[in-house]
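Colleague: Under our numbering, think of the first position of the sequence shown as 15, with each following residue one higher. Cβ atoms here follow ideal geometry from the backbone N, Cα and C, with glycine treated the same way.
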Amino acid sequence: MTVLFMELNTSAINTWCPGCSNFGILTAFKSAVSDLTAAREVAPENIAIFSGIGCHGKITEYLNLNSFTSLHGRAIPTAVGAKLANPKLKIIAFVGDGDVYAEGLDHLIHAAKKNSDITVVVHNNQVFALTTGQFTPTSPRGLKSKSSPEGSIEEPLNSLSLMLAAGASLVARSYAYEVKKTADIIKTAIKHKGFSLVEIIQPCVTFYDTRAAMKDKFYWLDDNYQTNNFTSALNKANEDSGKLPLGIFYQAEKPVFEDAV
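#1: What's the C-alpha gap between Ala-227 and Lys-158?
#2: Count the other CB atoms within 10 Å of the CB of Pro-101; is the residue buried (16 or more) or exposed (fewer)?
#3: For Phe-82, list the residues DSSP reports as bridge partners.
#4: Check the C-beta distance from Thr-241 over to Ile-215 and give it rounded, since I have them as a contact under 8 Å.
#5: Considering only residues of the same chain and omitting the five flanking positions on each side of Cys-31, which have a CB-CB separation below 7 Å?
#6: Counting only runs of 3+ residues fully inside the region 124 to 187, write out the beta strand (DSSP E) ranges in chain order.
#7: So the candidates are Ala-96, Phe-149, His-137; which of them puts its Cα closest to the Cα of Gly-40?
#8: When you compare the region 127 to 143 with the region 205 to 215, are there three or more beta-carbon pairs, one atom per stretch, that lie closer than 8 Å?
#9: Going by beta-carbon coordinates alone, are Ala-46 and Ile-204 separated by less than 8 Å?
#10: Just tell me which of Gly-66, Tyr-76, Leu-18 has its CA closest to the CA of Arg-54.
#11: With 16 other CB atoms within 10 Å as the buried threshold, where does Leu-85 fall?
#12: I'd like the span of the alpha helix (DSSP H) that includes Glu-272, first residue to last.
#13: Considering Val-193, what are the terminal residues of the alpha helix (DSSP H) in which it resides?
#14: Residue ranges of each alpha helix (DSSP H) run of no fewer than 4 residues wholly in the region 92 to 127, ordered along the chain?
#15: What does a CB cutoff of less than 6 Å around Ser-35 pick up in its chain, not counting 5 residues either side in sequence?
#16: First and last residue of the alpha helix (DSSP H) that includes Leu-248?
#17: Do the region 115 to 135 and the region 86 to 99 touch if we need at least three Cβ pairs shorter than 8 Å?
#18: Out of curiosity, what's the CA-to-CA distance linking Lys-194 and Ile-106?
#19: In the DSSP assignment, the alpha helix (DSSP H) including Asp-37 goes from what residue to what residue?
#20: By a C-beta neighbour count over all protein chains shown, 10 Å radius and 16 as the cutoff for buried, is Asp-230 buried or exposed?
#21: Should Pro-269 be labelled buried (16 or more other beta-carbon atoms within 10 Å of its own) or exposed?
#22: Taking only the alpha-carbon atoms, compute the straight-line gap between Ala-96 and Lys-250 and give it to the nearest angstrom.
#23: Kindly indicate which residue of Arg-155, Thr-24, Leu-260 has the alpha-carbon position closest to the one of Gly-165.
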């Protein structure tokens with residue numbers, strides 16, 4: 015059964031801020047699901063989406079798919095539980111940087127370590143936006159926020175390096191306003207057998223608007239980049255050139271947790 019793009023809409027009123035980059039992520043995901051169902055690679059009734067708490071968490075309200083809204087930081091254990099209970103499901107967990115890299119970090123690390131067959135999409139805007147702008151584990155050092163008025167004294171978490179070290183079998187990064195490329199990465203992640211993490215950098219237009227600063231801060235990994243090379247992936251994740259690489263850093267076949275249970 016093919017699910018058309020518009021058929022994924024719901025009657026819920028969208029309460030994201032005007033211009034919110036979550037719209038780009040929502041559009042990319044709907045495009046990915048439409049393409050996958052049209053190609054009969056995924057059955058829509060076998061898709062289940064999960065979310066934590068935060069602006070990202072509203073995405074489950076806006077998608078006409080099986081869904082579950084979890085507690086703050088707990089989207090991943092509920093997603094893993096659903097996969098264990100029904101292995102035929104394609105599981106996607108939407109999480110925020112404050113949600114998954116703070117309260118939920120232990121769950122994230124162990125899901126990657128086990129290579130659980132789920133896809134984790136991280137909405138990384140570098141602030142707790144739903145609670146009006148506090149710093150998170152990915153906020154840059156010096157960020158002045160409501161919880162760090164003199165500037166954050168912490169270095170930001172290198173999440174991709176952490177996921178590679180933890181054992182994730184697919185690690186990728188994209189940018190919310192690059193909708194087509196984000197959709198392609200999400201499609202690859204959903205089709206991947208094993209744990210996949212797609213971190214999507216997204217400006218928060220209300221509390222941390224980095225659109226202008228981000229414009230020249232990225233570059234895409236070229237077609238010759240070898241995604242099966244772990245050392246190259248780790249080097250890219252730790253690269254300090256002033257520009258963030260985007261694309262699929264690493265993808266490998268590994269034993270899957272649910273297959274062994």
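Modeller: In terms of the structure at hand:
#1: In the sequence shown, counting from the first residue as 1, residue 227 sits at position 213. In the sequence shown, counting from the first residue as 1, residue 158 sits at position 144. Each residue's Cα considered, the two are about 16 Å apart.
#2: Here residue 101 refers to the residue found at position 87 when the sequence shown is read from its first residue. Pro-101 comes out exposed.
#3: Here residue 82 refers to the residue found at position 68 when the sequence shown is read from its first residue. For Phe-82, the beta-bridge partners assigned by DSSP are Phe-64.
#4: Numbered from 1 along the sequence shown, position 227 holds the residue referred to as residue 241. Numbered from 1 along the sequence shown, position 201 holds the residue referred to as residue 215. Wrong, their Cβ atoms sit about 19 Å apart, outside the cutoff.
#5: One-based indexing of the sequence shown puts residue 31 at position 17. Cβ within range, chain order: Val-219, Thr-220.
#6: Note on the region 124 to 187: whole beta strand (DSSP E) runs with a minimum of 3 residues are 133 to 138, in chain order.
#7: Here the question's residue 40 lines up with position 26 in the sequence shown. The question names Gly, yet the displayed sequence has Leu at residue 40. Selected option, being the one with the closest Cα: His-137.
#8: When C-beta atoms of the region 127 to 143 are compared with those of the region 205 to 215, three or more pairs fall below 8 Å, so the two segments count as touching.
#9: Residue 46 sits at position 32 when you count from the first residue of the sequence shown. Residue 204 sits at position 190 when you count from the first residue of the sequence shown. Against a cut-off of 8 Å, the Cβ pair of Ile-204 and Ala-46 comes out as a contact.
#10: Along the sequence shown, one-based indexing puts residue 54 at 40. Taking only the C-alpha atoms, the option nearest Arg-54 is Leu-18.
#11: Along the sequence shown, one-based indexing puts residue 85 at 71. Flag for Leu-85 reads exposed.
#12: Translated into positions along the sequence shown, residue 272 becomes position 258. Taken as a continuous stretch (DSSP letters only), the alpha helix (DSSP H) holding Glu-272 covers 271 to 274.
#13: Position 179 of the sequence shown, counted from the start, is the residue given in the question as residue 193. That run of the alpha helix (DSSP H) goes 193 to 205.
#14: As far as the region 92 to 127 is concerned, it has no whole alpha helix (DSSP H) run of at least 4 residues.
#15: Along the sequence shown, read from residue 1 onward, the residue named residue 35 stands at position 21. Excluding residues up to 5 positions away in sequence, Ala-190, Gln-216, Pro-217 lie with their Cβ nearer than 6 Å to the Cβ of Ser-35 in the same chain.
#16: Indexing the sequence shown from 1 puts residue 248 at position 234. Leu-248 -> alpha helix (DSSP H) spans 244 to 251.
#17: The region 115 to 135 is in contact with the region 86 to 99.
#18: Taking the first residue of the sequence shown as position 1, residue 194 is located at position 180. Taking the first residue of the sequence shown as position 1, residue 106 is located at position 92. About 19 Å.
#19: Taking the sequence shown and counting its residues from 1, the one referred to as residue 37 is at position 23. Looking at the sequence shown, residue 37 is not Asp but Phe. 36 to 52 is the extent of the alpha helix (DSSP H) around Phe-37.
#20: Locating residue 230 in the sequence shown gives position 216, counting from the first residue. Counting Cβ neighbours within 10 Å, Asp-230 comes out exposed, since fewer than 16 surround it.
#21: Against the sequence shown, residue 269 aligns to sequence position 255. Pro-269 should be labelled exposed.
#22: Within the sequence shown, numbered from 1, the residue matching residue 96 stands at position 82. Within the sequence shown, numbered from 1, the residue matching residue 250 stands at position 236. Near 33 Å, if we compare the C-alpha coordinates of Lys-250 and Ala-96.
#23: Your numbering for residue 165 matches position 151 in the sequence shown. The alpha carbon of Gly-165 has as its nearest neighbour, out of Arg-155, Thr-24, Leu-260, the alpha carbon of Arg-155.
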